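Colleague: Residue numbers (our numbering): 53 to 209. Please find one structure pasted underneath; my questions will follow.
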Amino acid sequence: MILRQVYIFGMITVIFFSVAAIAETVKTKLYIPELEVTSGQAIPVPVKIDPADKLAGIKLVLEYDPNLFRFEKVEKTKQSAGLMHVVNDQKPGHLIIVMAGARGITGKDITILFIHFTALPDVSETHIGKINITEIELMTDSLKEIPCALSNSSITV
């Protein structure tokens, strides 16, 4: 009985420290700030990362409500100007954005791109729309994966 309790305590300790170690290694956070817009308004939605350390490859898969928002375009920022980008917007409500470059981006609280939407003009009552990042892959310029925490956002229309 005592051996079993010692075993269980040992397993709990290992799990606890493993989770703590994983949480400590995820220092990078990708997020979209909360926004508020009016019906019919253009919305430049910033995608931010903090911190970025030699970030050279990005794959984002996002979902949004096509009954509230119309996708317009993706715009790079001054910090991400050296990266090439490709956008797949063939399915309304679903975006795939891939960015890559030979040189990585380094800095704190960087806006890496703006996703431009328009809030549809026929929204008459207040709605809260979500932009959900459903998949993300980040790579350094030496092709090492960057662990990343996500924070999704809501846009009040």
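Note that CB positions come from ideal geometry on N, CA and C, so glycine has one too. Here the structure is a predicted model, which is why all the values come from computation and not from measurement.
1) Since residue 100 contacts residue 188 with CB under 8 Å, what's their CB separation in whole angstroms?
2) Tell me whether the beta-carbon of residue 147 lies closer than 9 Å to the beta-carbon of residue 195.
3) For residue 79 and residue 179, what's the separation of their Cα atoms in angstroms?
4) In whole angstroms, what is the alpha-carbon distance linking residue 156 and residue 177?
5) Find the nearest neighbour of residue 203 within the set 192, 182, 191, judged by alpha-carbon distance.
6) Report the residue from 197, 191, 124, 90 whose alpha carbon sits nearest the alpha carbon of residue 142.
7) Pop quiz: residue 159 and residue 104 are said to be a contact at Cβ under 8 Å. What is the actual Cβ separation, rounded to whole angstroms?
8) Check whether the Cβ atoms of residue 169 and residue 83 lie closer than 9 Å to each other.
9) Are residue 193 and residue 133 closer than 9 Å when you measure CB to CB?
10) Buried or exposed: where does residue 151 fall if 16 or more other Cβ atoms within 10 Å of its Cβ makes it buried?
11) Quick one: give me the first and last residue of the beta strand (DSSP E) that residue 193 is part of.
12) Please identify the residue among 161, 167, 131 whose C-alpha is closest to the C-alpha of residue 138.
13) For the beta strand (DSSP E) that contains residue 125, what are its first and last residues?
Modeller: On the basis of the supplied data:
1) About 13 Å; that fails the 8 Å criterion.
2) no
3) 33 Å
4) Cα to Cα, the separation comes out at about 43 Å.
5) Ranking 192, 182, 191 by CA distance to the CA of residue 203 puts 182 first.
6) 124
7) 5 Å
8) no
9) Taking the C-beta atoms as reference points, residue 133 is found no nearer than 9 Å to residue 193.
10) That one is buried.
11) Where residue 193 is concerned, there is no enclosing beta strand (DSSP E), given that its DSSP letter is neither H nor E.
12) 167
13) 121-128
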